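A.B. asks: In the working numbering, the protein residues as written are 139 to 917.
Cβ atoms here follow ideal geometry from the backbone N, Cα and C, with glycine treated the same way.
Only a predicted model underlies this, so the values are computations on that prediction, with no experimental measurement involved.
For reference, the structure I am asking about is given below.
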């Protein structure tokens, strides 16, 4: 590591909020840095640093190529340059980290300038990387690039600015080049998407050092904002979410001669209305004129500005003096980064750039109250120490490098004579950096409605949300490092993309809760709780998707909330909410057997997607011994459950008069114990006159026998001419002339007598006769 001069150390340890730790330095051997990127490249929970290096500017070629650098954080105690990553020098002007190949860890995309080849370094783990050129990028001059899923296919695409080859860049005849769009094919390779961009933009935004992907109108489709340091104006491209873009004129940026130069854009919702505003650098009114020469190029100081989103797709230029001129003198600022410095839930920011003089505060902290920007109180308005070594700070990015819950900062120095720096937030209650005590912000105006009120089992559900920790773009390392992440009941599209070990914004839910607040009491590792991690797709936009699980009920509830936990362990959730779960009627008959179905086919035994065959009973319409032998196998026994479908099991002797065995009716001459059993079917030799008879053999009219109960209903058997076929009555008295016996008072067919013994024997005889008749019929 290169040592910092002894004269620098006391100055950097001054009263500014951020200061150098004398024991933490970054190696440098005469390199000029253009951009800085932060990433936890080895997934150990500590944030690492990447620098894109090139000495070229208005002109450049191979002789300006320099090696880029990756510094690995050694557990918060320092940084060590990792060799073997950037072995060959190139004119890297921008390096961005993102999961290009969809394996859950961060890859590096290098935008190379001065008509050379850009490329991707795929993170293979263990410090190893494999290089793949971005095919359509040959002979391009990339000034900046951003990653985001612009076409909605689930993988990260690349949008980049191209300076072209008309050197020197930025002069009045600079022809520029078009914005470049490279679409990820899903495996980390790219195809040219230039046909999706509007024509004729080559000369509108030339010599661009900054491009931002940002959702301007909250449609969760990424738009493009391109700054320019050359002729023309900044341009904005409206994205449709399917990869197509159209030119979107923004009056606050285009057409004003004072705004022809835009060094950089920093998008963030400063007003708190849910729409992204933008800090713009070097395009403010009332220009200065203080110019300095750096690397052979004259740079003249200009004021900065802010444009405020009106929520209707347009912006107002510094309305109501949001950034008052008195606090906004001409500067040579080239970068601004946001954070919630004072923990008030509103994003503040630091600007940095090239120093105009020995005492110029070229890094300033501005506080935001939602209506205006004001400098932090003296001495904190100087965010970094005012020392020569930091006179050309060209870029910055915030993260907590040492896990003390205070934001630290990495600084890119556009000075070959000076190294890059890491400054740490000072622990001082008066003029230091406060600990981060504010949770991330979830833009929740309509998040409840995004999941709806009814979901179907087995169907995909999810939502898109904007979540940030007051920094743009939102990085993985802004969120909690959780070594136990894979032990949870993870579900959904992001469940397998957890190599980063970061607790990215997530949806958590449970089924069958009596009280929605019961969800809050479930531990993260409770098996009843599902956790669906989100996937970042640009700016501060996140997408979560999962398949609704089924737990054995045809109707249920899903209770959910959407949460985020930042790197300082501050947590916020929106919810809980409850939605109904049901089986989708359209699933029945689609040819796919779902978890809640036992069949899904055109079959007599598949009724409402439930298979009736196999339930042990041959009772469903359409079940036959042929299509359901396991339920309808005829066993040859009368009186079993399959009898209704098996007439041969209970045959009758007379097919004309016999009924179906098992139909509950004892038809004449039917030989079926199930229907004709006396105990269960009421066969008692008496024909019930009220219609409640269940044994037809008791009421056979025309059999020549006047059975009890047939006196009035069967004159053929019981009329004057009818005979009983007997000459003596059961009581021993002779029958009358018509062969009939006189009925006694109780209708038993015998004459009442004082001799009870004779009457009893007569009754027993009568029932004995009929009993014999029944036995004969059933034999």
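Extract the residue ranges of the beta strand (DSSP E) inside the region 498-576, only unbroken runs of 3 or more that lie entirely within it.
C.D. replies: Fully enclosed beta strand (DSSP E) runs of 3 or longer: 501-506, 511-513, 531-537, 546-551 and 559-563.
A.B. asks: Assuming residue 732 contacts residue 752 (C-beta within less than 8 Å), just tell me the rounded distance between them.
C.D. replies: So it is not a contact: roughly 18 Å between Cβ atoms.
A.B. asks: I think residue 672 touches residue 644, with their Cβ atoms under 8 Å apart; what is that distance to the nearest whole Å?
C.D. replies: Right, the Cβ-Cβ distance comes to about 6 Å (below 8 Å), so this counts as a contact.
A.B. asks: Does the beta-carbon distance from residue 563 to residue 546 come in below 8 Å?
C.D. replies: Yes, they are a contact pair.
A.B. asks: For residue 156, which of helix, strand or coil comes out of DSSP?
C.D. replies: Here residue 156 sits in strand by DSSP.
A.B. asks: At which residue ranges does the region 362-428 contain complete beta strand (DSSP E) runs of 3 or more residues, listed in the order of the chain?
C.D. replies: Segments of the beta strand (DSSP E) lying fully in the region 362-428: 373-377, 383-385, 402-406 and 415-419.
A.B. asks: So residue 473 is in the beta strand (DSSP E); what residue range does that whole segment cover?
C.D. replies: 471-477 is the span of the beta strand (DSSP E), which, as asked, contains residue 473.
A.B. asks: Can you give me the C-alpha to C-alpha distance between residue 884 and residue 766, rounded to a whole angstrom?
C.D. replies: In this predicted model, residue 884 has a pLDDT of only 46, less than 50, meaning its place in the structure is not dependable; the value taken from the coordinates is given anyway. Distance between the alpha carbons of residue 884 and residue 766: 55 Å.
A.B. asks: In terms of DSSP beta bridges, what is residue 671 paired with?
C.D. replies: Residue 671 pairs with 644.
A.B. asks: Buried or exposed for residue 890, please, with buried defined as at least 16 other CB atoms from any protein chain shown within 10 angstroms of its CB.
C.D. replies: Per-residue confidence for residue 890 stands at a pLDDT of 40, beneath the threshold of 50, marking its modelled position as unreliable; the derived number appears in the next sentence. That one is exposed.
A.B. asks: Check this for me: beta carbons of residue 320 and residue 272, under 8 Å apart or not?
C.D. replies: It is a contact, given that the beta carbons lie within the stated cut-off.
A.B. asks: Is it buried or exposed, residue 577, if we count other Cβ atoms within 10 angstroms and call 16 or more buried?
C.D. replies: Counting Cβ neighbours within 10 Å, residue 577 comes out buried, since at least 16 surround it.
A.B. asks: Taking only three categories from DSSP, how would you classify residue 275?
C.D. replies: Residue 275: helix per DSSP, three-state reduction.
A.B. asks: My understanding is that residue 539 touches residue 214, with C-beta atoms under 8 Å, so please give their C-beta distance in whole angstroms.
C.D. replies: About 6 Å; that satisfies the 8 Å criterion.
A.B. asks: Go ahead and label residue 625 buried or exposed: buried means 16 or more other beta carbons lie within 10 angstroms of its beta carbon, across all protein chains shown.
C.D. replies: When all chains shown are included, residue 625 counts as exposed.
A.B. asks: Please report how far the alpha carbon of residue 155 lies from the alpha carbon of residue 506, in whole angstroms.
C.D. replies: Roughly 17 Å separates the two Cα atoms.
A.B. asks: With distance defined between alpha-carbon atoms, name the residue in 750, 712, 689 and 770 nearest to residue 734.
C.D. replies: Minimum Cα distance to residue 734 is reached at 689.
A.B. asks: Looking at the unbroken beta strand (DSSP E) that takes in residue 770, where does it start and where does it end?
C.D. replies: No beta strand (DSSP E) holds residue 770; the alpha helix (DSSP H) holding it covers 767-770.
A.B. asks: So what's residue 920 in DSSP terms, helix, strand or just coil?
C.D. replies: Only positions 139 to 917 of the chain appear in the structure, and residue 920 is not among them; the question remains open.
A.B. asks: Can you give the Cα-Cα distance for residue 140 and residue 286, rounded to whole angstroms?
C.D. replies: Confidence is the limiting factor: at residue 140 the pLDDT is only 42, short of 50, which leaves the residue's position unreliable and the question unanswerable from this model.
A.B. asks: Under the assumption that residue 484 contacts residue 442 (Cβ atoms under 8 Å), give the Cβ distance between them as a whole number of angstroms.
C.D. replies: Contact doesn't hold; Cβ gap of about 19 Å is too wide.
A.B. asks: Grab the span of the beta strand (DSSP E) containing residue 234 for me, first residue to last.
C.D. replies: From DSSP, the beta strand (DSSP E) with residue 234 extends over 230-236.
A.B. asks: Classify residue 462: buried if its beta carbon has 16 or more other beta carbons within 10 angstroms, exposed otherwise.
C.D. replies: It is exposed - the Cβ of residue 462 has fewer than 16 other Cβ atoms within 10 Å.
A.B. asks: To which residues of the same chain is residue 521 closer than 7 Å at the C-beta, ignoring the five residues directly before and after it?
C.D. replies: Here the set comprises 154, 155, 156, 488, 501, 502 and 503.
A.B. asks: Enumerate in chain order the residues of its own chain whose CB-to-CB distance from residue 193 is below 7 Å, with the five nearest sequence positions on each side excluded.
C.D. replies: So the list reads 170, 202, 204 and 554, once near-sequence residues are dropped.
A.B. asks: Taking DSSP as the reference, what is the three-state secondary structure of residue 179?
C.D. replies: In the structure shown, residue 179 sits in coil (DSSP, three-state: anything other than H, G, I, E or B).
A.B. asks: In whole angstroms, what is the alpha-carbon distance linking residue 158 and residue 618?
C.D. replies: Those two C-alpha atoms are separated by around 25 Å.
A.B. asks: Residue 687 to residue 648, Cα distance in whole Å?
C.D. replies: Spanning the two alpha carbons is a distance of roughly 10 Å.
A.B. asks: Kindly provide the ranges of any beta strand (DSSP E) runs that are 3 or more residues long and lie completely inside the region 672-727, ordered along the chain.
C.D. replies: As far as the region 672-727 is concerned, its whole beta strand (DSSP E) runs of at least 3 residues are 673-676, 679-685, 693-703 and 709-720.
A.B. asks: Using the three-state DSSP reduction, which class does residue 580 fall into: helix, strand or coil?
C.D. replies: The answer is strand: DSSP assigns residue 580 an E or B state.
A.B. asks: Could you name the residues of the same chain whose beta carbon sits closer than 7 Å to that of residue 449, not counting the 5 residues immediately before and after it, in chain order?
C.D. replies: Correct list, in chain order: 411 and 413.
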